[in-house]
Structure formats: structure tokens, C-alpha cells
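J.: By this note's numbering, the letter at position 51 of the sequence shown is numbered 69, and the numbering carries on one by one without gaps.
Where a beta carbon is used, it is the ideal one built from N, C-alpha and C, also for glycine.
Quick caveat: nothing in here was measured; it's all calculated off a predicted structure.
Please read through the structure below; I'll follow up with questions.
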Amino acid sequence: MNNQAATALEHRPPRAGAWMETGRPRQAVLVAPGRLELREFEPPSPGPGAVLIAVKCALSCGTDLKTFRRGHPMFHLPTLFGHEFSGVVVEIGEGVHNFKIGDPIMAAPTAPCGDCFYCNRAQENLCPQVMEQMVLGAYADYLLLPAHVVARNAFKKPASLTFEEAALLEPLSCVLHAQELARAEEFETALILGAGPFGLLHLLALKARGVSQVVVAGRRQNRLRRAGELGADLVIDVDRADLAREMSRLNGGHGPDLVIESTGQVAGWQESLRWVRRGGRVVFFGGCPANTTLEVDTRRMHYDNLSLLAPFHFRPRDVRRAFEVLRDKTLNAGRIISARRRLSELGEVFELLERGAVLKCAVIP
Ligand SMILES: [Zn+2]
Ligand SMILES: [Zn+2]
């Protein structure tokens with residue numbers, strides 16, 4: 019690999035022609051934190067049960083940004099990345115009956131084995147295969163979908179959905195899994211901490227459930243404005259407002275019934291415990307950096323009867339539900355995609371994400 023060429027792309031928008039458009043298949047490789055390369059590759063032929071797709075859209079995700087910044091405990095560098103995608107089937111392996119060449123396709127990047135300790139307890143999100151055999155590499159012209167994903171978590175894209183909307187299947191599956199645990203009621207007041215793409219997907223899901231008051235607390239003006247446009251009943255800028263005072267006004271002075279933590283920072287986890295009402299629920303949705311701990315006041319936990327929930331990932335039933343919600347346009351979730359770039363501009367995409375200038379970016383080969 020050419021270190022100098024790669025360094026030139028760090029945190030900078032690519033100059034015209036920085037990545038040659040040769041017409042040969044390309045895939046993005048994260049070589050080291052902050053260092054991306056777009057390399058030519060030979061798309062693999064799909065084995066039994068697998069399919070090869072031409073990627074039509076890959077979406078940026080908070081996980082990608084974290085991996086870009088500091089690597090990821092689960093993915094060793096250099097790594098392929100990008101895991102939210104949609105495309106068109108271009109080649110099928112032996113024994114694939116649910117797809118044929120030319121089918122538009124949307125899929126989650128993971129699927130459980132269906133037969134382990136966790137799968138047998140309907141906790142497929144904890145199946146070891148889920149993270150061990152995750153599909154990475156959607157920032158590419160072609161992507162191989164392995165048999166376990168094709169069999170359990172892939173769908174034909176309905177014509178009513180754009181490829182961009184279809185690529186929301188994975189994040190929406192995470193959100194709907196969490197929402198099932200959260201069990202929000204219409205009469206409740208919910209607080210979402212964090213106005214990133216996941217926070218805003220939670221907002222859309224809570225409003226679609228009819229929750230009467232949904233409050234979004236976050237940092238950046240553009241995101242908070244977006245939260246307002248997407249239906250937040252109250253938006254709080256945590257850098258300017260007195261959060262304690264705002265919370266004391268909510269829900270007749272009781273504080274939120276439900277807090278959805280969507281910052282992935284320990285400080286946010288700590289705040290969630292502070293603001294939830296007596297008898298309320300906290301959903302710790304955003305995963306924090308490794309080796310961090312949360313302090314819980316045992317007195318408050320017990321005597322205030324708090325319920326702490328920490329949903330991770332999703333199960334096939336959540337993916338099915340996410341598919342239906344997208345197909346039926348229940349949330350119009352495509353509204354959280356705020357920018358569009360070519361694959362050759364991926365360096366710029368991460369620069370925009372670093373600055374918080376975009377929510378979710380559609381990357382189009
Ligand atoms: Zn994601
Ligand atoms: Zn399993």
C-alpha cells in the first residue's frame with residue numbers, strides 16, 4: 019500500500035481524481051484509524067446459498083465513524099467497512115431460491131445461526147455468529163451476501179422504496195428492537211438524549227406510536243432543528259439550556275417516563291439516570307467505549323423503582339418488522355438521510371461526519 023497517497027486523504031475532501039474511476043470494481047478499506055483507501059478488487063463468486071450484489075446505496079453509520087476514528091474492538095484493521103446497504107442481485111450461488119439475478123435486494127448485515135443456546139431462547143441478537151460473521155464492505159461496487167444472511171434477513175426491495183430508504187433496514191431494526199423493550203405509551207413523556215441519526219429514528223418511532231410528548235436533547239443546531247422538523251414536541255440545546263430546569267417542567271414536574279440514551283457516551287448514560295422519573299424506564303441504546311463504567315445510586319435504583327434496559331442489536335423478528343415499517347412508509351424514515359456522495363468521495367463523507375455536518379449520508383457507487 020502507498021502510505022503517502024493514503025495519508026493525503028486523511029480528514030480531507032478528496033481532490034478531483036484522487037481516486038481514479040477506472041471502471042474496475044472498487045472497495046473501501048480502512049487501513050488505520052483515519053486512513054481510507056479505495057482499492058480495486060475482484061468480486062468473489064457466491065458459494066452455495068450466497069448472492070453477489072451490485073451495491074446501489076450504502077449509508078454512513080455512527081459505528082463507521084467510531085471505527086474510522088479509533089478502530090473497533092470487533093473489526094481488526096485493515097478492514098472493509100460499511101454495513102447498511104441495498105443493491106441488485108448480479109450472481110447467485112447454488113441452491114438460492116428466494117432471489118434471482120436482477121432482483122433489487124435489501125438485507126441486514128447479520129443473521130443468527132438459529133440453533134445455539136441464545137437462538138433457542140429467542141435472544142438471537144446474542145448469537146455469537148451475529149457479530150463474528152457480520153457483512154462488512156458496503157462501501158464498494160459489489161458486496162457478497164453470505165448464505166446465513168440470504169436465508170434469514172434479506173428481502174426483495176419493493177418498488178415503492180428507493181434504494182436509499184431500503185438501506186435503512188439495519189439501523190431501523192436496532193431501533194425497533196429497543197422500542198419493543200421501551201414499551202412507550204401514548205400518554206407518556208419521553209426524553210431522547212442525543213440528536214444523531216439514531217436519536218432521530220427513535221423520535222420518528224415514538225411519534226408513530228402516538229407518544230404525546232417527545233423531547234429531544236442534543237448538541238448541534240442543525241440536528242436540533244431537524245428534530246423539530248421531524249416532530250419533536252420540545253427540543254433542548256444542552257449547551258445553552260438549564261437541563262435540570264427543563265426536566266423539572268416535564269410531565270407535571272415528575273420528569274420523563276422514559277429516557278432513551280442515544281449518545282453512546284458515559285456522561286449520557288449518567289444523565290439518563292438522573293432525569294428519569296420515579297418508576298420510569300431508561301433504555302441505554304448507544305454503546306459506550308470499552309472499559310467504561312456506570313455509577314448507579316442504589317438507593318435511587320431501588321426506592322425509585324427504576325427499570326434499566328440495554329438492548330443490543332436485533333433479532334430476525336425486528337428485521338421483519340423494520341422491513342414492514344419501511345415498506346408501509348410508517349415512519350418515512352428516509353427523512354434522516356441528509357446528504358449524498360459518490361463512493362469516490364468517501365473521504366469527504368467522513369470529514370462531514372466528523373464535523374457533525376450531516377446526519378446520514380447516502381454513498382452511491
Ligand atoms: Zn449501522
Ligand atoms: Zn445462534
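Measure from the alpha carbon of Gly67 to the alpha carbon of each residue in Ile382, Glu58, Gln45, Pro164, then state which is nearest.
T.: Position 49 of the sequence shown, counted from the start, is the residue given in the question as residue 67. Among Ile382, Glu58, Gln45, Pro164, the Cα nearest to that of Gly67 belongs to Pro164.
J.: May I ask you to check if the CB of Gly304 is nearer than 8 Å to at least one heavy atom of ligand 1?
T.: As a working mapping, residue 304 is identified with position 286 in the sequence shown. No, the Cβ of Gly304 stays beyond 8 Å of every heavy atom of ligand 1.
J.: From His166 to Pro130, what distance separates their C-alpha atoms?
T.: Counting from one through the sequence shown, the residue named residue 166 turns up at place 148. Counting from one through the sequence shown, the residue named residue 130 turns up at place 112. Using only the alpha carbons, I get a separation of about 7 Å.
J.: Please look up how many angstroms separate the CB atoms of Phe181 and Cys75, rounded, as I've assumed it's under 8 Å.
T.: Looking up residue 181 in the sequence shown gives position 163. Looking up residue 75 in the sequence shown gives position 57. Yes, Phe181 and Cys75 are in contact; Cβ-Cβ is about 4 Å, under 8 Å.
J.: To the nearest angstrom, how far is the alpha carbon of Ala200 from that of Arg57?
T.: Counted from its first residue, the sequence shown places residue 200 at position 182. Counted from its first residue, the sequence shown places residue 57 at position 39. Ala200 and Arg57: Cα-Cα distance of roughly 42 Å.
J.: Under a criterion of Cβ closer than 5 Å to any non-hydrogen atom of ligand 2, which residues qualify, in chain order?
T.: Checking every Cβ against the heavy atoms of ligand 2 under 5 Å gives Pro130, Cys131, Cys134, Cys137, Cys145.
J.: Can you give me the Cβ contacts of Gln197 inside the same chain, cut-off strictly under 8 Å, excluding the 5 residues immediately before and after it?
T.: As a working note, residue 197 is residue 179 in the sequence shown. The answer, listed in chain order, is His220, Ala223, Leu224, Arg227.
J.: Starting from Thr418, trace the beta strand (DSSP E) in both directions and tell me its first and last residue.
T.: Nothing about residue 418 can be read from this structure; the chain reaches only from 19 to 383.
J.: Please state whether the Cβ-Cβ distance between Glu102 and Pro176 is less than 9 Å.
T.: Taking the first residue of the sequence shown as 1, we reach residue 102 at position 84. Taking the first residue of the sequence shown as 1, we reach residue 176 at position 158. Cβ distance not < 9 Å, so Glu102 and Pro176 don't count as in contact.
J.: Quick one: using the 10 Å Cβ neighbour count with 16 as the cut-off for buried, is Ala140 buried or exposed?
T.: Here residue 140 refers to the residue found at position 122 of the sequence shown. With fewer than 16 Cβ atoms within 10 Å of its Cβ, Ala140 is classed as exposed.
J.: Taking contact to mean at least 3 C-beta pairs separated by less than 8 Å, is the segment 288-307 in contact with the segment 315-323?
T.: Yes, the segment 288-307 touches the segment 315-323.
J.: Does DSSP classify Met149 as helix, strand or coil?
T.: Looking up residue 149 in the sequence shown gives position 131. Residue state, collapsed to three classes: helix.
J.: On the criterion of 16 or more Cβ atoms from any shown chain inside 10 Å, does Arg44 qualify as buried, or is it exposed?
T.: Here residue 44 refers to the residue found at position 26 when the sequence shown is read from its first residue. With 16 or more Cβ atoms within 10 Å of its Cβ, Arg44 is classed as buried.
J.: Could you tell me the boundaries of the alpha helix (DSSP H) in which Leu222 lies?
T.: On the sequence shown, residue 222 is found 204 positions in, with the first residue counted as 1. Its alpha helix (DSSP H) spans residues 215-226.
J.: With C-beta atoms as the reference, is Leu162 less than 9 Å away from Pro96?
T.: Within the sequence shown, the letter at position 144 stands for residue 162. Within the sequence shown, the letter at position 78 stands for residue 96. No; because the gap between Cβ atoms is not below 9 Å, this pair is not in contact.
J.: Do you know whose CA, among Val232, Asp255, Arg237, lies nearest Leu248's CA?
T.: Indexing the sequence shown from 1 puts residue 248 at position 230. Of Val232, Asp255, Arg237, the residue nearest in Cα terms is Val232.
J.: Within 10 angstroms of the Cβ of Pro307, are there 16 or more other Cβ atoms? Answer buried if so, exposed if not.
T.: For the purposes of this step, residue 307 is taken as the residue at position 289 of the sequence shown. Classification of Pro307: exposed, given that the 10 Å Cβ count is below 16.
J.: Confirm, please, whether the CB-CB distance from Asp255 to Gly236 is below 9 Å.
T.: On the sequence shown, position 218 is the one that residue 236 refers to. On the sequence shown, position 237 is the one that residue 255 refers to. Yes; because the gap between Cβ atoms is below 9 Å, this pair is in contact.
J.: Should the segment 201-208 be called in touch with the segment 347-357, which here means at least 3 C-beta pairs below 8 Å?
T.: No contact exists between the segment 201-208 and the segment 347-357.
J.: Short check: CB of Phe341 to CB of Met124, under 9 Å?
T.: As a first step, residue 341 is located in the sequence shown; it is residue number 323 there, counting from the start. As a first step, residue 124 is located in the sequence shown; it is residue number 106 there, counting from the start. Yes, the Cβ-Cβ distance between Phe341 and Met124 is below 9 Å.
J.: For Gly304, count neighbouring Cβ atoms within 10 angstroms of its own Cβ and tell me buried if that reaches 16, exposed if not.
T.: Against the sequence shown, residue 304 aligns to sequence position 286. The residue in question, Gly304, is buried, as its Cβ has 16 or more Cβ neighbours within 10 Å.
J.: I'd like the list of long-range same chain contacts for Cys134, defined as Cβ closer than 6 Å, with 5 residues on each side in sequence excluded.
T.: On the sequence shown, residue 134 is found 116 positions in, with the first residue counted as 1. These residues qualify, in order along the chain: Cys145.
J.: Based on Cα-Cα distance, which residue from Pro62, Arg88, Gln147 lies nearest to Gly52?
T.: Counting from 1 along the sequence shown, the entry for residue 52 is found at position 34. Of the listed residues, the one whose Cα sits closest to Gly52 is Arg88.
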